[in-house]
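Right, one structure below, let's go through it.
Protein chains: 4
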Amino acid sequence: MNFSSNRLQKSHISVAQNASGRNLNVPIYRINDGLPGPTVYIQSSIHGAEVQGNVVIYHLINALKKTRVNGEVILVPNCNPVGTNIKAGEYTLGRFDPVNGTNWNRGYFYDESMVFKFADNIAQDTDANDIKIAFRNMWRGAIQEKLKQPWGLGLAQQLNLRLQEMAVEADIVLDLHNGPVSTRHIYIPEYAKAAAKQFSIPHCIFIPNTFAGALDEATFCPWWTLQQTLSEKFDQQYDFAVQAFTLEMGSQEVIDFDEGKKDANSIMGYLACKGVVDDNEYRPADIQRIGVYLQDYKTLYTNFGGMVEYCVKPGQRVAKDEIMAHVLNIDTLDSEDGKKHLRAPCDLIPMLHFPSASVLSGTQLYKCFTNYFEL
Amino acid sequence: MNFSSNRLQKSHISVAQNASGRNLNVPIYRINDGLPGPTVYIQSSIHGAEVQGNVVIYHLINALKKTRVNGEVILVPNCNPVGTNIKAGEYTLGRFDPVNGTNWNRGYFYDESMVFKFADNIAQDTDANDIKIAFRNMWRGAIQEKLKQPWGLGLAQQLNLRLQEMAVEADIVLDLHNGPVSTRHIYIPEYAKAAAKQFSIPHCIFIPNTFAGALDEATFCPWWTLQQTLSEKFDQQYDFAVQAFTLEMGSQEVIDFDEGKKDANSIMGYLACKGVVDDNEYRPADIQRIGVYLQDYKTLYTNFGGMVEYCVKPGQRVAKDEIMAHVLNIDTLDSEDGKKHLRAPCDLIPMLHFPSASVLSGTQLYKCFTNYFEL
Amino acid sequence: MNFSSNRLQKSHISVAQNASGRNLNVPIYRINDGLPGPTVYIQSSIHGAEVQGNVVIYHLINALKKTRVNGEVILVPNCNPVGTNIKAGEYTLGRFDPVNGTNWNRGYFYDESMVFKFADNIAQDTDANDIKIAFRNMWRGAIQEKLKQPWGLGLAQQLNLRLQEMAVEADIVLDLHNGPVSTRHIYIPEYAKAAAKQFSIPHCIFIPNTFAGALDEATFCPWWTLQQTLSEKFDQQYDFAVQAFTLEMGSQEVIDFDEGKKDANSIMGYLACKGVVDDNEYRPADIQRIGVYLQDYKTLYTNFGGMVEYCVKPGQRVAKDEIMAHVLNIDTLDSEDGKKHLRAPCDLIPMLHFPSASVLSGTQLYKCFTNYFEL
Amino acid sequence: MNFSSNRLQKSHISVAQNASGRNLNVPIYRINDGLPGPTVYIQSSIHGAEVQGNVVIYHLINALKKTRVNGEVILVPNCNPVGTNIKAGEYTLGRFDPVNGTNWNRGYFYDESMVFKFADNIAQDTDANDIKIAFRNMWRGAIQEKLKQPWGLGLAQQLNLRLQEMAVEADIVLDLHNGPVSTRHIYIPEYAKAAAKQFSIPHCIFIPNTFAGALDEATFCPWWTLQQTLSEKFDQQYDFAVQAFTLEMGSQEVIDFDEGKKDANSIMGYLACKGVVDDNEYRPADIQRIGVYLQDYKTLYTNFGGMVEYCVKPGQRVAKDEIMAHVLNIDTLDSEDGKKHLRAPCDLIPMLHFPSASVLSGTQLYKCFTNYFEL
């Protein structure tokens, strides 16, 4: 192939300022061959310790450099430079703002009433494409308006809105995350269930159309709500073809170039299904896929504090009553009680477990698929 | 006076276990003269660095030892031993769980639908006192049920529910807090506005009947909702006489015995108004009180990072455009820009400001009364 | 065998108080059959995140319950309850006091001049055993004196001295640690080199008789210095048979019962060599052992910040110029520079590496054996 | 006056890289009129939460802009951008590296043996100025050599050496610090005792010529040792006129422009005494000055944990047995023990106290002058 030399563009945006008054910048990579097609937005490391997505973006750029792109792909690695740089001991305190505990992934904009008001004003035979353009303009404007509030906004929200300002342009949004000690899994909105077979990820969580603050929800909730509202109003199907997913690419605090290549291939397979890349090289893998509905994705908390051995691996099928953890009790090392057991409350597959042996009571030990099914 | 020797009882409850497997206990002080009257529940330090309330409880116990109590007063100092003991540098990281960022004051139980269902089942002429007993029994049961969930609960929620199990018995709930660098103020539910003049606290924030997770809301929302529902259903007034307040007793990270005595007197004045103590010694002070509605209690965030001099004091009246902060810019110390100004966006009274000079962009610099009024 | 029912005794000592004013206790297990023999002191988790030693002590107690003990074994698990309970994010900030940065393992007592003064006062033909008793009495007294200082002592030093008060009675001291991500290794004083073959640990670091603050040094430095001084003074060999070691039992933040059993067996093998247990069951394993002198145990720091893939495993032999780490550069993901290499400066064996992918410049990436040799 | 337009130069150096791979820069301001005179090096905020020195440098630059400079003044504000930007809760964890606990002010270079070796090679009648130049060249070279170590260096040490590379050129070094809650005081090497009256700082600590890792010591120890060695060798007085001081400018976490102006004036007074500025405007203030020798500058630790009211102010004279602190005991609020006292062990003046009410046992409550004297 013969590519234009400027099809890959790099720029930076400032998303925050630190206490020294310096801008904290995020790199933006855009690949565009001037061909029609969807806009794809991919970010990584909104949670600062979840760094593997940056490697995935490295491999995605390498792959996209060698293939034609229909539409545009925007890649934003290390999108939260604050979170990545807060060390507490040897680890990274990257899931929440160390000043106030705010989760870095909960400040995106969404306002359901704005969708309804917009739908109210749409006339019967308006062209779907015109609707899409008008809706996106309105939504972008609302995000920009929010950023200009005279009393200001909290850091996480400012960061989120600056990223959402880019993501709002996209038809496909992928947010790359990691779990603590974790196997690969993906969050898929129920209405886009078919996408489960377009990624090469063995575990799929189907989530309802409820906004809880994350980027995937902030992306698909407005469009899905608009579709539903217009469909009801005009008794006619609408599909604006906007999809958004949160991908969990293994464990936090780790980068692995070989694993990242596989994850990049999984994403390329999905992009091939969506017509973004027409290369035959990329296809979803032929693997077993297990699904679960969000209400069956359950957290197992401890009721005690102590030191924990995690006996089951993320991804492993566990039967009811199997031992999931041993707990050491330092005050009874001379008796049976020195080593207690914690058993599975039902058949389950753990997706992730807590990354430290030392736990207080009320610690989230495991997150598990229950009532899971094959896809 | 001649008091029974066992009118003041002390016990402990365990609210959590640490990573060594040891129980973390909270002391409970109860004062009861066997006389009829309301039950009062007072806790302090749910946010671990907000320690002044413990001194207030010390003075309350001393005051209550010398006066007759109608009903019962339950005092729970240092109610969050986890939060108080998490040091990060010289300070206490006490506002949220250091593991996951969860605010320690947002996990109390509330379920509006349970109120409606309960009201549905109430027959027309049921005695108001019987309703109160039945409702409290149901609510207590729901809290206890929640604590028994087979998959467990997060630490903050477990802690909150164990405290709420005691608070649910009370007619009056006072939750003692502090701001970062703060003047005294109080959160008052709009329906209990009269209480503003029963405390000796100069700044009053009136909050609507919306549950946002804190103990005061978890206490008054069910009762207020029940009153409203029954009043509408039977076209008749109900008043279950349950009140709950969050009191902000000055600045965190500080204890001051003299100031604590004044705060204790303020609370004794309120308790005298409610008939809990009949001593003539305690009355609300004759002071100026300023009020604000919650929607006018505004946060001023920075849009920049840097080093900040706070130029106005909590409690001070500030006119629009007055300088509220100077910001040092280390890269332009040789020019005018080395010292920038931040001005008041409108007339306001700051209640508190951030406790550190070093701020990132998006830091909550001040929380301010705007559109305030005299009471 | 027929054991006395009270040969295993459990007690607790308080080593600190938290901000709630509560004692923080450490459990002490003692096993004694009333038979002559050395006193052995074993502690674990002085660094709070290094928890595997607690499992080793669990298995040691189980093993010692089934075998006769010559002398006494004192086991002190979770000896630093402060360190184990400081969470910062999901991990444990256990290596240093979060208030002031003091390493929890650097506050033990040692005063070389006291040894010299003591030796000065010893007459020629004093019985070696009498010398040992007198010296131990003096040293114990000095520790106790230090703990009584009218101006008080820092927390780490108080904790260390309270543990050393017990360890000072012992002839054999084992301090159980972990590295970040680590293979098993042991610190052995040069004068006790023979012990290398008595443990079943593949990597041995020989350290000189220099006090740097740790418990092993605080234990053997006084005795070794006394031996040297008296030997010179009287031209006669002295051997007080005191030995102390720091054992690194794999990685921090993890407990593993099966691995802990192997480590316990390794220690039992050493105790069998020293005659503490006469069971034939325990012997040092027949494994390859690699040694290094402390000056050749080198730390490899980064000169850059970034995200790091650790390409070599602890324990693996690495040749000069082999790639040890890949570094991702988020600003150059579109070029070769996106993935940089860090190469081995010489032939080496890494013992441990940093546990997080996100590193600032100046981070200790690896600690490595260089100029190593077979034992 | 008529100043050259380029007498004030600004540049930046990079002292570290963060986990995003970005350089962390420090601004350098230099004022030079091309006139002979000493070189002065002033840095601030090596401890990240001690920010007031940055304001002092702001005022120093403003003052120096208006007056002629003999020699050169180099000003380095916010010299530790890592430390200033590590937030843990609302405060700044700026005293030590959050990864490993290393104090940011203990990694400067000093090697006594190098001084002796240098002195050995000096011939009798060598010109003092030539000695000074040769010695400085050697020392600078050693610092640069250290920075080039093939195995790298720790972050704090890298940072310190990069700053020391500039400071080594200076005849006068001022390191601007703050205490936790603190009154103004200064560390003065015993040999430069006369300087106590050249600053306008009421409390002076005289320190011996012992290197403990800080910048002031790293600056004056080599020169003082060289002077002593040459003086003994040649029986002749040498004075290389190098002085270095650590100035404690009040409390951390606070900036105050008005106070900073006074501190800048104090420094200008000293610089006037040293002939750097010849303006008559600046003179040491006529104030009472109190001195103490380092061995009498004592730390008062607690032996208990609890919540502390600090009853005496930094700078206040306290008599033996006066109450210095009240301690609240949450488990005994119903008895006298609820409020315990901590008394002064002797006559003293506290310089600073701990900034949080919540303390564990072993916390440094106060640092105090004892056996103090008027200057």
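Protein chains in written order, with the working numbering: chain A, 4 to 378; chain B, 4 to 378; chain C, 4 to 378; chain D, 4 to 378.
A virtual CB, placed ideally from N, CA and C, is assigned to each residue, including glycine.
From a predicted model like this one, the values you see are computed outputs, not experimental measurements.
Identity of the residues DSSP links to residue i by a beta bridge
| i | result |
| --- | --- |
| P192(C) | I210(C) |
| E312(A) | H329(A) |
| A322(C) | Paired residue(s): none; A322(C) is not in a bridge. |
| D114(B) | Paired residue(s): none; D114(B) is not in a bridge. |
| I31(D) | S14(D) |
| G294(D) | C207(D), F376(D) |
| R346(D) | I326(D) |
| H356(B) | V184(B), Y369(B) |
| C47(A) | One point to set straight first is that residue 47(A) is Ser, not Cys, in the sequence displayed. In the DSSP output, where bridge partners are listed per residue, S47(A) has L179(A). |
| G304(A) | The question names Gly, but residue 304(A) is Tyr in the sequence shown. Q367(A). |
| K95(D) | Per the sequence shown, the amino acid found at residue 95(D) is Thr instead of Lys. Paired residues: K90(D). |
Beta-carbon gap between residue i and residue j smaller than 9 angstroms
| i | j | result |
| --- | --- | --- |
| S269(D) | S203(D) | yes |
| I134(B) | Y44(B) | no |
| K343(B) | G309(B) | yes |
| P205(D) | Q291(D) | yes |
| I77(C) | E172(C) | yes |
| Q55(B) | L166(B) | no |
| N26(D) | S17(D) | yes |
| F112(C) | I146(C) | yes |
| N181(A) | H50(A) | yes |
| Q367(A) | Y304(A) | yes |
Whole-number beta carbon distance between residue j and residue i, since they are thought to touch under 8 angstroms
| i | j | result |
| --- | --- | --- |
| A52(D) | G97(D) | 4 angstroms |
| P80(D) | S185(D) | Between S185(D) and P80(D) the Cβ distance is about 20 angstroms, and since that is not below 8 angstroms, they are no contact. |
| V295(D) | A247(D) | Rounded, the Cβ-Cβ distance is 19 angstroms, inconsistent with contact. |
| H329(C) | F260(A) | 6 angstroms |
Pairwise C-alpha distance: residue j and residue i
| i | j | result |
| --- | --- | --- |
| C371(B) | V102(A) | 20 angstroms |
| T302(B) | T373(B) | 10 angstroms |
| A2(C) | T222(C) | Only positions 4 to 378 of chain C appear in the structure, and residue 2(C) is not among them; the question remains open. |
| L164(A) | L150(A) | 7 angstroms |
| I60(B) | V29(D) | 48 angstroms |
| G365(C) | P348(C) | 16 angstroms |
| R71(D) | L63(D) | 13 angstroms |
| G144(B) | F209(A) | 33 angstroms |
| Y94(A) | Y94(C) | 7 angstroms |
| G92(C) | N132(D) | 56 angstroms |
| Q255(A) | L274(A) | 25 angstroms |
| C207(C) | C207(A) | 47 angstroms |
| I326(A) | M169(A) | 46 angstroms |
| N21(D) | L363(C) | 5 angstroms |
Members of the stretch 25 to 51 of chain D that neighbour chain A once the beta carbon cut-off is set at 7 angstroms | none
Which residues, taken in chain order from the stretch 60 to 91 of chain C, show a beta carbon closer than 8 angstroms to some beta carbon of chain B?
-> N81, P84, T87, N88, I89, K90, A91
Positions along the stretch 345 to 361 of chain C whose CB lies within less than 8 angstroms of some CB in chain A | F357, P358, S359, A360, S361
What residues in the stretch 114 to 125 of chain A bring their beta carbon closer than 9 angstroms to a beta carbon of chain C?
-> Within the stretch 114 to 125 of chain A, no residue qualifies.
Members of the stretch 177 to 201 of chain D near chain A, C-beta cut-off 9 angstroms | none
Taking only beta carbons into account, state which residues of the stretch 249 to 273 of chain C come closer than 7 angstroms to chain B, listed in chain order.
-> none
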